[in-house]
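**Q** The numbers in the sequence shown follow numbering that gives the first Met the number 0, run straight up by one, and end at 265.
We treat Cβ as the ideally placed atom computed from N, Cα and C, and that holds for glycine.
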Amino acid sequence: MAMTRRRFLATTGALGVAGCARTKELIGKGDDGAFSVATVGDTHVLDLRSTSIVQRAVSRINADERVVLTVAVGDMATDGKLQELTLTKRAFDRLGGEFYAIPGNHDVDMTSQDIYGNYRKVFGEADWRTNYGDWTFIGLDSCEGAAPDVSIRPDRIEWLQKQLDHVKPGRPIGLFTHHPFNPNTKAYRVQNADETLALFADHNLKFVASGHFHGNQVEERDGVLFTTTACCSSTRGNHDGTEARGFRLFHIDGESIETEFVEVPL
Ligand SMILES: [Fe+2]
Ligand SMILES: [Fe+2]
């Protein structure tokens, strides 16, 4: 089915909640209501050379007119250095559609007093909420410093609850986190994942898209789709021993979702 890329007319408004929050109302829904979202994760950029695979992913996404929104699901950098983050952002700047990011445990600078300082300078706030068509998308910072195994911090639980207070109960929601929520992930499940998911009890959570576990894992529980994806990196391998690098697409039509892994050559 031929579809034109829906351009976003974005207006930034205050959420009226404390701390780091930004919200955009994205206007410009297509006639048929179908659109796609891309997630690119674990690029682990170290230098200019290691942005090549990100550039190739961006070209593939730009060639797919269905994609209206791309989310970088963390570990863009190697050690949260300003140069690493800036190089990665420049690669993503070529995207034709809307772009958001959430931090991973390699995007914080543990040598700095403000470990998010570099990240914010390059990617903006660590958490966000945005609307597209009938959907709401939420990016949630799942980091506890540079720890590989984490719980969602109490201040982030509070932030998430405040976001959900602004979302009508029936509205479909896509959640993006770095650390996985997949109930049967082979590793790194967020330790308070179930407590966090319980916040959505009166809402219509449809999927949780994560990174951190470098490998493709897709499962569904109670009508919610959970994913992790192979890394999109030339500096790291996958945790499950698979070779393919790439990104993930979520094809959304009404409230139905299909997900697809797109391989990107090294
Ligand atoms: Fe990673
Ligand atoms: Fe990670």
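#1: Would you give the residue range spanned by the beta strand (DSSP E) that residue 188 belongs to?
#2: Could you tell me the alpha carbon to alpha carbon distance between residue 21 and residue 126, rounded to whole angstroms?
#3: Is the closest heavy atom of ligand 4 to the C-beta of residue 247 under 8 Å?
#4: When the Cα atoms are used, what is the spatial distance from residue 244 to residue 262?
#5: Here's the rule: buried if 16 or more other CB atoms are within 10 angstroms of the residue's CB, otherwise exposed. What is residue 232?
#6: Do residue 95 and ligand 1 come close, with the Cβ less than 8 Å from some heavy atom?
#7: Going by beta-carbon coordinates alone, are residue 87 and residue 42 separated by less than 9 Å?
#8: Quickly, what does DSSP pair residue 238 with across the bridge? List them, please.
#9: Taking Cβ to Cβ, would you say residue 73 is nearer than 9 Å to residue 40?
#10: Between 63, 106, 90 and 131, which has its C-alpha nearest residue 124's C-alpha?
#11: Around the C-beta of residue 109, are 16 or more other C-beta atoms found within 10 angstroms, so that it is buried, or is it exposed?
#12: Is the stretch 158 to 175 touching the stretch 187 to 194 in the sense that three or more CB pairs, one from each, lie closer than 8 Å?
#13: Closer than 8 Å to a non-hydrogen atom of ligand 2 - does that hold for the CB of residue 215?
**A** On the basis of the coordinates in this document:
#1: Start at 1 with the first residue of the sequence shown, and residue 188 comes out as number 189. No beta strand (DSSP E) holds residue 188; DSSP gives it neither H nor E.
#2: For this step, residue 21 is matched to residue 22 along the sequence shown. For this step, residue 126 is matched to residue 127 along the sequence shown. Below a pLDDT of 50, predicted positions are generally treated as unreliable, and residue 21, at 45, falls in that range; the measurement from the model is reported next regardless. Straight-line Cα distance between these residues: approximately 8 Å.
#3: Of the ligands this structure carries, namely ligand 1 and ligand 2, none is ligand 4.
#4: Sequence index remark: in the sequence shown, residue 244 carries index 245 (1-based). Sequence index remark: in the sequence shown, residue 262 carries index 263 (1-based). Roughly 6 Å between the two C-alpha positions.
#5: Taking the sequence shown and counting its residues from 1, one reaches residue 232 at position 233. Its Cβ being crowded by 16 or more others within 10 Å, residue 232 is buried.
#6: Numbered from its first residue, the sequence shown carries residue 95 at position 96. No, ligand 1 has no heavy atom inside 8 Å of this Cβ.
#7: Against the sequence shown, residue 87 aligns to sequence position 88. Against the sequence shown, residue 42 aligns to sequence position 43. Their beta carbons are under 9 Å apart, which means residue 87 touches residue 42 by this criterion.
#8: The count along the sequence shown starts at 1 and reaches residue 238 at position 239. Per the DSSP secondary-structure output, residue 238 pairs with nothing in a beta bridge.
#9: Looking up residue 73 in the sequence shown gives position 74. Looking up residue 40 in the sequence shown gives position 41. For residue 73 and residue 40, yes; Cβs fall inside 9 Å.
#10: The residue labelled residue 124 in the question sits at position 125 within the sequence shown. Answer by Cα proximity: 106.
#11: Locating residue 109 in the sequence shown gives position 110, counting from the first residue. Exposed.
#12: Cβ pair count under 8 Å is below three, so no.
#13: Here residue 215 corresponds to residue number 216 of the sequence shown, with the count starting at 1. No.
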